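**Q** Quick one: this structure, given as structure tokens, is what I'll be asking you about.
In the numbering used here, the protein residues as written are 240 to 573.
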């Protein structure tokens, strides 16, 4: 059989030299970037059998069998598949596979970097330095303090609560423990704790740092908001390397401005690509406010040479496995 493969978002990890198992053959059409409205027409134009995406939305309309009659497989070069209408894919028999575990080290290391940057208040200190405040004040040590009064904790005095304990969460735990931090794992919100996990609210109240590395699901949307921030310690640092929508961004901004929590490192946003018009965390007045301890990065936690290599390998494995009927069960999402 000849397979028509369409890669819709090569801007993220590029595209390896894809093959299919002999004696099958394939042709590949690639696009650097695709908007949701492009997905259906581009798959239709190529008469696609296999679609490769990363974050672009694949709607039920794009999966209409009248538009994409040959489509058999969607591979998400990502761990998450929340942008794909999985029910629509399953209803017409389109298999959906993801690429889990490819970015574990990069995301965990980024989470650690965000935490340390916020705990040491690197951005507020750097901004004050560039503004010329050091000669004026004589010292800028207070910019390194939460509320200008509380010096940062040493790692040995930190208690880190993990919300989400998959592959990334486990790697985060290893890195943070290696620096001497106590690590606890929160149970699901509203669920009875098991396997040594700590009740959700207790974890928030106990922690000096909260790291989000959970998937975006109906259960986790809006997981942290005004009520949850109010229970946290005033020097608590929130790190979000999970997915946008898990945190109420407006509530987080209020918590940062009012000193309810001590800082936040954020890599993901409710609307992406994110900018000043879509996220209150990226507004111009926030960027100009020297007192806000917010380190924001543009969904780059996953980026590393190792991740790119892993993505290429797992993508090829998924295509081969689908054609040969040897798919790994843990990668099947529809």
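By construction, the Cβ of each residue, glycine as well, lies at the ideal position given by its N, Cα and C atoms.
Remember, predicted model here, so these are calculated numbers, not experimental data.
Distance, Cα to Cα, residue 342 vs residue 541?
**A** 5 Å
**Q** By the three-class DSSP mapping on this structure, what secondary structure does residue 452 have?
**A** coil
**Q** Can you give me the Cβ contacts of residue 416 inside the same chain, cut-off strictly under 8 Å, excluding the 5 residues immediately before and after it?
**A** 422.
**Q** Would DSSP call residue 330 helix, strand or coil?
**A** helix
**Q** Please confirm whether residue 247 and residue 558 have their CB atoms less than 8 Å apart.
**A** no
**Q** What is the C-beta distance between residue 425 and residue 400, in whole angstroms, given that I count them as a contact (C-beta under 8 Å)?
**A** 5 Å
**Q** Taking residue 201 as the reference, which of 572, 522 and 501 has the closest Cα?
**A** The question about residue 201 has no answer here: the residues shown for the chain are numbered 240 through 573.
**Q** Could you tell me which uninterrupted alpha helix (DSSP H) segments, each at least 4 residues in length, are contained entirely in the region 494 to 565, listed from first to last along the chain?
**A** 523 to 527 and 544 to 563, all fully within the region 494 to 565.
**Q** Taking 8 Å as the threshold (C-beta atoms), are residue 259 and residue 278 in contact?
**A** In this structure, residue 278 lies away from residue 259, with their beta-carbon atoms at least 8 Å apart.
**Q** For the beta strand (DSSP E) containing residue 422, list its first residue and its last residue.
**A** 421 to 424
**Q** For residue 402, which beta-bridge partners are listed by DSSP?
**A** 451
**Q** When we look at the beta-carbon of residue 349 and count the other beta-carbons within 10 Å, is it buried (16 or more) or exposed?
**A** Within 10 angstroms of the beta-carbon of residue 349 lie 16 or more other beta-carbons, which makes it buried.
**Q** Take residue 345 as the anchor and find which of 312, 414 and 361 has the nearest alpha-carbon.
**A** 414
**Q** Using CA atoms only, rank isn't needed, just tell me which of 484, 392, 391 and 363 is closest to residue 379.
**A** 363
**Q** Tell me, which residues are paired with residue 312 by DSSP?
**A** Under DSSP, residue 312 forms a beta bridge with 289 and 334.
**Q** Go to residue 245, then tell me how far its beta strand (DSSP E) extends in each direction, as first and last residue.
**A** 241 to 246
**Q** For a test of the three-state rule: what should DSSP assign to residue 413, helix, strand or coil?
**A** helix
**Q** Helix or strand or just coil, what does DSSP make of residue 380?
**A** helix
**Q** May I ask you to verify whether the region 532 to 539 touches the region 501 to 510, counting CB pairs closer than 8 Å and requiring at least 3?
**A** yes
**Q** Could you check the C-alpha separation between residue 304 and residue 289 for me, to the nearest Å?
**A** 14 Å
**Q** For residue 496, which of 485, 478, 514 and 520 has the nearest alpha-carbon?
**A** 520
**Q** Within 10 angstroms of its Cβ, does residue 563 collect 16 or more other Cβ (buried), or is it exposed?
**A** exposed
**Q** So what does DSSP say about residue 370, is it helix, strand or coil?
**A** coil
**Q** Can you tell me whether residue 369 is buried or exposed? The criterion is at least 16 other CB atoms within 10 Å of its CB, across all chains shown.
**A** exposed
**Q** Excluding the 5 residues preceding and the 5 following residue 322 in the sequence, name in chain order all residues of the same chain whose CB lies nearer than 7 Å to its CB.
**A** 294, 295, 296 and 297
**Q** Which complete beta strand (DSSP E) runs does the region 334 to 358 hold, if anything under 3 residues is left out?
**A** 334 to 337
**Q** How many whole angstroms separate the CB atoms of residue 360 and residue 393, which I take to be in contact at a CB cut-off of 8 Å?
**A** Between residue 393 and residue 360 the Cβ distance is about 14 Å, and since that is not below 8 Å, they are no contact.
**Q** Relative to the alpha-carbon of residue 261, which residue among 242, 347 and 511 has its alpha-carbon at the smallest distance?
**A** 242
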